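Visitor:
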Amino acid sequence: MTASIETLVNKEYQYGFVTEVDTDTIPPGLTEETVRLISKKKEEPEWLLEWRLKAFRRWQTMTEPRWPNVTYEPIDYQAHTYYSAPKSVKPLQSLDEVDPELLKTYEKLGISLTEQKRLAGVAVDAIFDSVSVGTTMKSELAKAGVIFCSFGEAVREHPELVQKFLGSVVPYSDNFFAALNSAVFSDGSFVYVPKGVTCPLELSTYFRINAANAGQFERTLIVADEGASVSYLEGCTAPKRDEHQLHAAVVEIVALDRATVKYSTVQNWYAGDSEGKGGIYNFVTKRGKAFTDAKISWTQVETGSAITWKYPSVILQGDNSVGEFYSVAVVNGKQQADTGTKMIHIGRNTRSTIISKGISAGQGQNSYRGQVKVLPKAAGARNYTQCDSMLIGNQCGAHTFPYIEVANNSATLEHEASTSKIGEDQIFYCKARGLNAEHAISLIVAGFCKEVFKELPMEFALEAQQLLGISLEGSVG
Amino acid sequence: MLKITNLHASVGEKEILKGISLTVNAGEVHAIMGPNGSGKSTLAQVIAGHPGYEVTSGSIEYDGQDLLELEAEERAQAGVFLAFQYPIEIPGVTNAYFLRAAYNEIRKAHNQPELDPIEFLDVMEEKLTVVEMDASMMQRSVNAGFSGGEKKRNEILQMAVLEPKLAVLDETDSGLDIDALRIVAEGVNKLKRPDNATIVVTHYQRLLNYIVPDHVHVLAGGRIIKSGGKELALELEAKGYDWLLEPVTA
Ligand SMILES: Nc1ncnc2c1ncn2[C@@H]1O[C@H](COP(=O)(O)OP(=O)(O)O)[C@@H](O)[C@H]1O
Ligand SMILES: [Mg+2]
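From first to last, the protein sequence lines are chains A and B. Each residue of the first sequence is one higher than the one before, counting from 558 in this note's numbering. Each residue of the second sequence is one higher than the one before, counting from -17 in this note's numbering.
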C-alpha cells in the first residue's frame, strides 16, 4: 500500500518550468519609497497612492499572525521583491501584441489565450508575476455590459467603481497580509456585472508566478450589481524553485441585492520538494459581502503551496442572504494547510453551508479552522457545517478548530465532523476487484470529495480530476 | 485449475496456515469448513493476495501460473474472485461506478474494449435479476449503510458481473435469513459453469443444502485435517468438530 501511495503523492509537479523573459524588476526591500515606485510604475491616481500608503503605515504597526497551526522560518520581508513585470507587456490593444514567450507559457499550462483554441464559453485573464498579460473574449462580454479586465486597467478606465468598492469588504487594516497586499498589490482582475445581467461566460483568471524571489500580491475585486449573476474561476501554478516564494492575495466580492456570485479556485502552487525545500507561502484573504437575497458561494480545491493560510468568508449582511463554502484541501510531503471559512450572520434568515474535506498524506498537516458567528439581529439564521478529514498513511495529521458564537437564540446550527483513514483494507478490496492501488486511492478520495467536486464548473472538475489523479466520471453525481 | 501445495502463511511472527495442500479442478465446488479461528479467512485472503499475510513457504499454482507472483489486482484480472466475509465500505463511490471500474479493468487486461456507462447498464440489468436486487442499489455508495444481508448479496452481484473462473466465498451465508440464503445460493448455482470452480467457506451445513459440494474439507489449526465428499458435511453437522480435533491437540 505505501509504495502506491507514495507514487501518487510524489508525482512530479508538471508546472515547474521557468519562462525566460526580460523583466522590469525593482530591487528587493519594502519602504514607503517602494510603495510610491509601484504606484508610479502603474501610473496610478493620487487617491490610490494615498490608500496604499495608509495601508503600508498600518502594516508597519502590525505583526504576522501566530495563531495558524503552521510552522515556518521567519519571513524576511526586506529580502523580497515587490514588483516584477515582463518588459514586453505594455497596455495592450489586442492579444496579438502579447509576447509569444508568454503565450507559450500559458499554452504549456493548458490555458490558451489565442483566439482559435480557447475554451468555448470561458473568458480568461492571465496574470504573469505581477501583471495581466491579456484578457480574452472582451468583446463578447462588453455586449452584455460585463467588465472583465486587469485591476490596473479598471483603475484607469473605471476609477469610480474601483474607488467605491475597493476595501469595502476587506479593509486595508483587516490583517497583516491584507495590509501588505493593499500597500504593494501589483495587479489582479476586476469584474463588474451590471444590474440584472447574467454573465454569459464563465470568467477565469490564471495566476502564474515566474520570477525568482518575487512575491505575488494580486488583488481581485468582483462586483455583481442587483440581480446580476456570475461564475468566476481561478487557477494558479508556479515554477519549482528552491526558495520559498510569498503569495499574499486579496479577493473581495460584493453581491448586491439578489445577486449571485460563485467563485471557484483550483490552487496548485508549487508545494516544495519532499524535504520541504522551496514552495509557495500562500497567505490569502478572501471575503464576500452578500446583501439582501444575495448568494455567495466559494468552492476551493487546494492541492499546492508549502503553506496555505486561507479562509474564504461571507458576511451575510442582508436578510435572506446565503453563504456557501465547499473545500477540498490536500496536503502531502511537508505541506501545511490551515484553511477554512468564516460565516458572519448579520441579516435575518441568513443561511450558510460549510462542507470541508481535508486529505492528509505523507507528513502533511491539515487544519480546518472555521468560524460561525450569529449577531443579535440575525433571527432565524441557520448554519450547517460538515467537516471531514481523511488520513493516508501514518505520518500526517488532521486538526479541526471550530469557533461558534451565537447571539440570537432563534438560530439553528448543526455541526458534523469525521476522521477516517484510507485503510489497507479499502485498497485491498478495490485490488481484489481488479483495480490497481493508484486507481483505488483515486476512487476512494474522489468518493470522499464528492460533495465538493460536484460544485465545481465542468472545466475545473476536469482540472481537479487531473490534479488528484482522480476519475470523477460517474462516481460524482 | 488451482493447486495449493504445503502452504504456510503468517502475520508477523504468528504462523496461521501450517501446511495446506488443496487441488481444485474446473467444474468443481469445494466446501471448506472448520471452527472459528482455524484459518479459513486467512486462506481465502492469501489466495486473493492480501499483502498483510506473508507466505513463508509452499506454492499456489493457478491456471498454470505462479499465483503468489501476482499482485492482488492481477489475480482479479486473471479471474480470481473473493467474496469477503466482511465487505468493505467506500463512501461516496456509487456501486454502479465501482462495478463498472472493476469490470473495465478486467476487460482491459484481456484487451477487450471498455464499456461506457450506458452500455454497462445492460450488463447490470441482467445481473441484478440473478441476485434479485433492485436497480436503485446501484446508485448507493459501495456497501455504505448496507445491511449485513445487502452486503453479502452485493458481493454475489459483483461476482455475477465479473464472471470469475475461481470464486472463493468466505462465509457468504453468515448472517443471512433463509430467503437471502436461497437467493445467494441460487445466484452461485446459476453462475456455475464447467470451466469455473468455487470454493465455499462456511460454518454451517445449511448452505450446502443449496450449493452441493463435490468435496468437503475440514480446516483446523491451520491444517486440513480431513477431506471427504458431501456426506462429510452432514456428519460434521451431527457430531460437531470435536471428534476430529482431539488427535491434533494431542
Ligand atoms: N491480520 C491478522 N493479524 C493477527 N492475527 C490474525 C490476522 N488474521 C487472522 N489472524 C488470526 O489467525 C487465526 C485465523 O483467523 P481466520 O483466518 O480469520 O479464521 P477463520 O476465518 O477460520 O475464523 C485467528 O487466530 C486470528 O486471530
Ligand atoms: Mg473467517
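Backbone N, C-alpha and C define an ideal beta-carbon position, used for all residues, glycine too. Computed from a prediction, not measured in an experiment: that's the story for all the values here.
1) Which residue wins for smallest C-alpha separation from residue 754 of chain A, given the options A/913, A/790, A/703, A/843?
2) Who are the Cβ neighbours of residue 223 of chain B in its own chain at under 6 Å, not counting the five residues just before and after it?
3) Report the option in B/0, B/-3, B/7, B/66 whose CA atom is closest to the CA atom of residue 184 of chain B.
4) Could you tell me whether any non-hydrogen atom of ligand 1 is closer than 7 Å to the CB of residue 835 of chain A?
5) Going by the C-beta, is residue 67 of chain B closer than 7 Å to any heavy atom of ligand 2?
6) Excluding the five sequence neighbours on either side, which residues of its own chain have a C-beta within less than 7 Å of the C-beta of residue 592 of chain A, listed in chain order?
7) In chain A, which residues lie with their C-beta within 7 Å of the C-beta of residue 32 of chain B?
8) Would you report the Cα separation of residue 967 of chain A and residue 1014 of chain A, rounded to the nearest angstrom?
9) In terms of residues, what are the limits of the beta strand (DSSP E) holding residue 958 of chain A?
10) So, using beta-carbon positions, are residue 165 of chain B and residue 113 of chain B closer together than 8 Å?
11) Kindly list the residues whose CB is nearer than 7 Å to the CB of residue 605 of chain A, restricted to its own chain and excluding five residues on each side of it in sequence; keep chain order.
12) Mind checking whether residue 856 of chain A and residue 726 of chain A have CB atoms under 8 Å apart?
13) Relative to the C-alpha of residue 784 of chain A, which candidate in A/956, A/901, A/835, A/851 has its C-alpha closest?
14) Please list the partners that residue 168 of chain B has in chain A, where partner means a Cβ-to-Cβ separation under 7 Å.
15) With a threshold of 8 Å between beta carbons, is residue 915 of chain A in contact with chain B?
16) What does a CB cutoff of less than 7 Å around residue 615 of chain A pick up in its chain, not counting 5 residues either side in sequence?
17) Examine chain A for any beta-carbon lying closer than 8 Å to the beta-carbon of residue 43 of chain B, and answer yes or no.
18) Going along the chain, which residues of the stretch 51 to 79 of chain B sit with their C-beta nearer than 9 Å to a C-beta in chain A?
19) Using a beta-carbon distance below 8 Å, is residue -2 of chain B in contact with chain A?
20) Is it the case that the Cβ atoms of residue 904 of chain A and residue 948 of chain A are separated by a distance below 8 Å?
21) Using the beta-carbon count (16 or more within 10 Å), is residue 674 of chain A buried or exposed?
22) By the 10 Å Cβ neighbour count, where 16 or more other Cβ atoms means buried, how is residue 844 of chain A classified, buried or exposed?
23) Taking the alpha carbon of residue 979 of chain A as the point to measure from, which residue in B/193, B/199, B/72 has its own alpha carbon closest?
24) Could you name the residues of the stretch 98 to 124 of chain B whose beta carbon sits closer than 9 Å to any beta carbon of chain A, in the order they occur along the chain?
25) Can you confirm whether residue 215 of chain B, when its beta carbon is compared against all beta carbons of chain A, has any partner nearer than 8 Å?
26) Pull up the distance between the alpha-carbon of residue 863 of chain A and that of residue 629 of chain A, whole angstroms please.
27) Please name the residue or residues paired with residue 930 of chain A in a DSSP beta bridge.
28) Helix, strand or coil for residue 24 of chain B per DSSP?
29) Any idea which residues DSSP pairs residue 923 of chain A with across the strands?
30) In this structure, does DSSP put residue 174 of chain B in helix, strand or coil?
31) Are the CB atoms of residue 617 of chain A and residue 586 of chain A nearer to each other than 8 Å?
32) For residue -14 of chain B versus residue 24 of chain B, is the C-beta distance shorter than 8 Å?
33) Shortest alpha-carbon distance to residue 523 of chain A belongs to which of A/944, A/902, A/838, A/990?
34) Would residue 86 of chain B and residue 120 of chain B qualify as a contact pair, given that the criterion is a beta-carbon distance under 8 Å?
35) With respect to 7 Å, is the separation between the Cβ of residue 24 of chain B and the closest non-hydrogen atom of ligand 1 below this value?
36) Residue 981 of chain A to residue 781 of chain A, Cα distance in whole Å?
Guide: Taking the coordinates as given:
1) A/703
2) 17
3) B/66
4) no
5) yes
6) 609, 610, 613, 740, 741
7) 985
8) 35 Å
9) 954 to 963
10) yes
11) 596, 712
12) no
13) A/851
14) Here the premise fails: no neighbours, minimum Cβ distance about 23 Å.
15) no
16) 729, 730, 736
17) no
18) 53, 54, 55, 56, 57, 58, 59, 62, 63, 64, 66, 68, 69, 70, 71, 72, 73, 74, 75, 76, 78, 79
19) no
20) no
21) Low confidence applies here, because residue 674 of chain A scores a pLDDT of 43, under 50, leaving its location unreliable; read the following figure in that light. Answer is exposed; the Cβ neighbour count stays below 16.
22) buried
23) B/72
24) 99, 121, 123, 124
25) no
26) 9 Å
27) A/901, A/962
28) helix
29) A/894, A/955
30) coil
31) no
32) no
33) Only positions 558 to 1034 of chain A appear in this structure, which leaves residue 523 of chain A out of reach.
34) no
35) yes
36) 48 Å
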